[in-house]
Amino acid sequence: MDWRLEDNRPIWLQLSQQLTRRIITGVYPPGSRLPSVRELAAEAGVNPNTMQRALAQLEQDGLAKADRTAGRLVTQDTAVLDRVRRTEAQGLIHQYLDAMAALGYDRDRAASLLKEEAL
Amino acid sequence: MSDYLIECRGLYKSYGLRPALSGVDLEVGPGRIVGLLGPNGSGKTTLIKLLCGLLQPTRGELAVDGSAIGPYTKSVVSYLPDRMYFADWMKASDLFDLFRDFYSDFQYEKAIDMCRSLGVDPGDRLKSMSKGTKEKVQLVLVMARNARLYLLDEPIAGVDPAARDFILRTILTNYNEEGTVLISTHLISDVEKVLDEAIFLKEGKIMLHATVDDIREREGKSVDALFREIFRAMPMEGGGF
Amino acid sequence: MLLKLLKYDFRAMWKQFSLIWGAALVLALINRFTLYGRIHLVGENASNMIVLTFGSVLAAMFVIAIMFVVRRFSKGLLGDEGYLMHTLPVHPWQLVLSKLICGVVAWVGCGVVAVLSPAFMLPWNLPDLLQISLWSDIFRGIMKHPDMLILMAEFCLVILSVIVLLIAVIYLALSIGHMVSRHRNLVGVAAFIGLYILLVNLYDRVFSYKVVRPLLDMTTANAYGSMLTAVAAMLIPAAAFLAVTCWILEHKLNLE
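Residue numbers (our numbering), protein chains in the order written: chain A, 1 to 119; chain B, 120 to 360; chain C, 361 to 616.
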């Protein structure tokens with residue numbers, strides 16, 4: 001999975017969103033150790049301070065915990081993971097709905113179309 | 120003096136009558152990667168040369184790590200010039216010897232390792248190296264030091280995008296994290312994501328000094344886009360009478 | 361730090377001079393055999409050619425010696441290599457002193473080669489040279505007139521002072537040239553001529569015989585004192601020129 005950075009938003013925010021996505025999709029499984037700030041910064045080609053800020057956000061969200069010896073560990077708290085996954089899903093759904101609205105579908109029709117497609 | 124690594128007060132430098140810097144006040148703290156951004160002739164190289172002692176200011180004060188420019192500041196500054204300065208008969212390893220002799224923070228083993236990973240044989244003579252390879256050797260010399268302040272003058276100008284990425288990665292993975300890196304460039308989109316702070320220089324004056332994420336948050340656009348906006352009007356200004 | 365600088369300056373000097381010094385000595389040896397050997401190894405024309413080559417090598421050596429002092433300073437401190445030298449954690453006076461010492465040694469080396477190589481050409485008989493009695497005679501001769509040794513040492517000091525003064529003038533002229541933004545070489549040459557005129561006037565007026573004479577009378581009536589006075593008369597302006605050079609490098613350096 002590559003790091004994609006857009007121009008119009010703060011870099012640390014984009015990094016923390018992409019790290020979040022990596023955690024809930026299991027790229028970094030629960031309980032595993034996250035790569036160090038330096039490794040992650042080098043991988044993404046960004047400033048270590050910026051990556052540090054993104055990781056601090058993950059800690060604040062409860063997705064990662066600082067560990068004295070092993071750097072940072074991904075949380076094993078399934079409640080937290082579920083909640084974050086849910087938030088991400090809601091974001092995607094809103095994107096979908098907004099895009100459908102732009103095409104002229106109201107919410108109900110968008111939902112029923114989705115249901116048809118999903119079955 | 121203070122906690123700042125770089126401090127300038129009313130810094131003024133002119134070549135003959137033409138001012139290159141006119142009244143620069145600047146403070147940069149430790150542990151930062153800072154972009155010194157501006158079009159050609161805006162004073163980037165002049166500021167860097169003042170910081171490493173190759174030029175003397177016409178007026179104003181200047182301190183690195185709390186000291187006036189002199190042997191002490193030179194021992195903590197690692198400078199990548201915008202040109203080659205080696206005698207051709209030397210080998211890369213001769214240069215490493217020289218740096219080890221003069222700079223106590225030079226890590227010899229690391230330099231050899233970096234050379235190997237960049238595909239350069241330290242035993243090769245500089246004479247037999249291509250321009251790109253010589254630039255790599257120069258980068259190794261600068262980044263193998265555990266310096267307080269790295270001054271990199273246009274490190275990615277004149278190389279292809281793949282090499283740019285490579286150079287930036289080398290800088291990111293090797294600099295001393297308690298130190299500060301000052302990178303001068305006009306290729307902003309390439310360096311933007313490695314920067315903490317951006318300094319915009321225009322006609323020898325500082326137009327803007329802010330963190331990259333602040334600029335993005337406040338302006339809703341990249342530093343590169345903001346830079347283009349500010350400097351687009353440049354050619355018009357010179358023409359007015 | 362000065363020792364480290366010297367190490368690199370001497371290495372550069374050796375690169376420059378080892379070949380020409382070696383060539384001069386080897387050519388002198390060849391001359392010795394082609395000129396005086398019992399068996400003529402080569403014809404007369406060829407041996408003339410070798411003498412001519414030897415002469416031009418000596419001439420080239422002195423041109424290179426002057427160029428060496430000029431270029432090590434103008435390129436090494438005021439040109440591209442200055443980017444490296446002036447970012448080393450050393451004082452400007454250390455850079456200048458290192459270059460000066462190296463320049464003096466290079467010139468002395470050239471002088472030694474210029475004196476030694478013709479000596480090589482003379483048809484010495486090796487067994488004679490190796491006789492102990494010859495050397496003990498020389499030694500005893502010297503011991504009879506120990507003041508000769510002092511005079512010779514003073515003479516060497518005078519030569520060294522001349523070299524130091526000349527190099528100091530070159531350095532200061534180049535530094536003055538460096539202070540202008542255009543036509544640096546031209547200004548450098550003009551400064552050299554100006555400094556030369558200054559020195560001539562200095563010796564005419566300040567260090568003229570009239571001024572120095574009482575001093576000479578005071579020290580001693582013989583040559584010792586006069587030579588030491590000459591040394592002082594050259595080293596004092598040389599020190600002043602070097603001090604100004606260092607000041608320019610410290611405060612007016614302008615590597616664009």
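Just so it is clear, CB atoms sit at the ideal spot from N, CA and C, and this is done for glycine as well.
Asked	Found
Outcome for residue 102 (chain A) when other beta-carbon atoms lying within 10 angstroms are tallied against a minimum of 16	exposed
Reduced DSSP category for residue 29 (chain A) - H, G, I as helix; E, B as strand; rest coil	coil
Simplified DSSP assignment, three categories, for residue 199 (chain B)	strand
Residues that residue 340 (chain B) contacts on chain C, provided the C-beta gap is smaller than 8 Å	Simply none; closest approach about 35 Å.
Whole-Å CB distance - residue 414 (chain C) paired with residue 387 (chain C), under 8 Å assumed	4 Å
Candidates B:285, B:165, B:341 and B:153: closest to residue 142 (chain B) by CA position	B:165
Nearest-angstrom beta carbon gap, residue 310 (chain B) and residue 287 (chain B) [assumed within contact, 8 Å]	7 Å
Segment limits, beta strand (DSSP E) that includes residue 154 (chain B)	152-156
Beta carbon proximity, residue 264 (chain B) to chain A, threshold 8 Å	no
Beta carbon proximity, residue 27 (chain A) to chain B, threshold 8 Å	no
Residue interval of the beta strand (DSSP E) (run including residue 326 (chain B))	324-330
Meets three-Cβ-pair contact criterion under 8 Å: the segment 141-157 of chain B and the segment 28-43 of chain A	no
Contact residues within the segment 42-53 of chain A, judged by C-beta distance below 9 Å to chain B	42, 44, 45, 46, 47, 48, 49, 50 and 53
Chain B within 8 Å of residue 7 (chain A), Cβ atoms only	yes
The segment 163-180 of chain B: positions lying closer than 8 Å to chain C by Cβ	168, 171, 172, 173, 174 and 175
Neighbourhood of residue 435 (chain C) by C-beta, 7 Å cutoff - its chain only, sequence neighbours within 5 removed	441
N-terminal and C-terminal residue of the beta strand (DSSP E) that residue 531 (chain C) is part of	Residue 531 (chain C) -> not in any beta strand (DSSP E); alpha helix (DSSP H) instead, spanning 506-539.
Cβ-based neighbour list, residue 550 (chain C), same chain, cut-off 7 Å, excluding 5 preceding and 5 following	none
Backbone CA spacing between residue 401 (chain B) and residue 464 (chain C) [nearest angstrom]	With chain B covering 120 to 360 only, the question about residue 401 (chain B) has no answer from this structure.
Residues sharing a beta bridge with residue 146 (chain B), DSSP	B:126
Contact the segment 524-532 of chain C vs the segment 541-555 of chain C: 3+ CB pairs below 8 Å	yes
8 Å Cβ cutoff met for residue 291 (chain B) and residue 157 (chain B)	no
Under 9 Å by beta carbon: chain A residues contacting residue 288 (chain B)	42 and 45
Residue 595 (chain C) beta carbon less than 8 Å from that of residue 457 (chain C)	no
Candidates B:302, B:298, B:202 and B:128: closest to residue 148 (chain B) by CA position	B:298
C-beta neighbour in chain B for residue 35 (chain A), strict 8 Å	no
Within chain B, partners of residue 450 (chain C) - CB distance below 9 Å	190, 193 and 221
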